[in-house]
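**Q**
Numbering (this note's numbering), first residue to last: 14 to 279.
1. Quick one: using the 10 Å Cβ neighbour count with 16 as the cut-off for buried, is residue 50 buried or exposed?
2. Mapping DSSP to helix, strand and coil, what is residue 147?
3. Have a look at the DSSP bridge pairing and note the partners of residue 169.
4. Whole angstroms is fine: what's the gap from residue 194's alpha carbon to residue 80's?
5. Could you check if residue 39 is buried or exposed, using at least 16 other CB atoms within 10 Å of its CB as the buried criterion?
6. Could I get the ranges of all uninterrupted beta strand (DSSP E) runs contained in the stretch 165-214, with 3 residues as the minimum, in chain order?
7. Take every Cβ of the stretch 248-257, pair it with every Cβ of the stretch 59-75, and state whether three or more of those distances are shorter than 8 Å.
8. Consult DSSP for residue 119 and reduce its assignment to one of helix, strand or coil.
9. Just the C-alpha distance for residue 129 and residue 53, rounded to the nearest angstrom, thanks.
10. Determine the DSSP secondary structure at residue 267, reduced to helix, strand or coil.
11. Ends of the beta strand (DSSP E) at residue 77?
12. Starting from residue 232, trace the beta strand (DSSP E) in both directions and tell me its first and last residue.
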């Protein structure tokens, strides 16, 4: 068989892989090799090419679809607020009253902040001005705002000043947001600066609670915050993908499902 005959087969194979990733489905090299009757090395080359083109994130044994998270915080707050409210409701019982809590930037965490009075925190710390504003409107007396350069895309303060301030923290709990949440890739984001801040806060906290809408679960972004096994608790939607949830459970992560969404919550 000539090289010209091989090229269309490779293109067709990659297009099938690309289609599955676009559907939000993780892919495994061994399974693809068996399906396409090619070697795993061939599939790994396909995945490397797709990753290089920004169409997936390579992980051990395969690849994950890229996170669909995008847009600035104002845009994300308009997306499915009812579903995010249900996730926030499920977070509240996980936080012991009287805790010092760090609430990370994020549209779901805005909903958590609006309910903070229910877990009766001693102190809430945040590097997101929008989170601080919501906390002050919802009965939280002790609020510490971490300063720095405000990044409009994430709604959080980033940079060297922010990093210096978070290095001195030791919260009881951090409510951590991410762009991608997967058992293979852990918690990931699109910004290296943001990852560094989140990574530092998570490392100094006694417990890390991660929230994830169904779109983010099983996806990845380029910059890692922490491995999935280091997450204390994961709060997901009622209809979150069962296999991915089970993989977190096998890693020892306590998984909580939010209440089912109604039509009005969508």
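Ideal Cβ placement from N, Cα and C applies to all residues, glycine included.
**A** A quick look at the data gives this:
1. Translated into positions along the chain shown, residue 50 becomes position 37. Exposed, since its Cβ has fewer than 16 Cβ neighbours within 10 Å.
2. By 1-based counting over the chain shown, the position of residue 147 is 134. Note: residue 147 maps to helix in three-state DSSP.
3. Translated into positions along the chain shown, residue 169 becomes position 156. Under DSSP, residue 169 shares a beta bridge with 164.
4. The residue labelled residue 194 in the question sits at position 181 within the chain shown. The residue labelled residue 80 in the question sits at position 67 within the chain shown. Answer to the nearest angstrom: the Cα atoms are 8 Å apart.
5. Numbered from 1 along the chain shown, position 26 holds the residue referred to as residue 39. Label assigned to residue 39: buried.
6. Whole beta strand (DSSP E) segments, 3+ residues: 169-171, 186-189, 193-195 and 199-202.
7. Taking a cut-off of 8 Å for Cβ pairs, the stretch 248-257 and the stretch 59-75 do not touch, as fewer than three such pairs fall below it.
8. Here residue 119 refers to the residue found at position 106 when the chain shown is read from its first residue. Residue state, collapsed to three classes: coil.
9. Residue 129 sits at position 116 when you count from the first residue of the chain shown. Residue 53 sits at position 40 when you count from the first residue of the chain shown. Rounded to whole angstroms, residue 129 to residue 53 spans 49 Å at the Cα level.
10. Position 254 of the chain shown, counting from 1, holds the residue named residue 267. In this structure, residue 267 counts as strand in the three-state DSSP scheme.
11. Residue numbering aside, residue 77 sits at position 64 when the chain shown is read from its first letter. Unbroken beta strand (DSSP E) run through residue 77: 75-77.
12. The sequence position of residue 232 within the chain shown is 219, counting from 1. From DSSP, residue 232 is part of no beta strand (DSSP E); its letter is neither H nor E.
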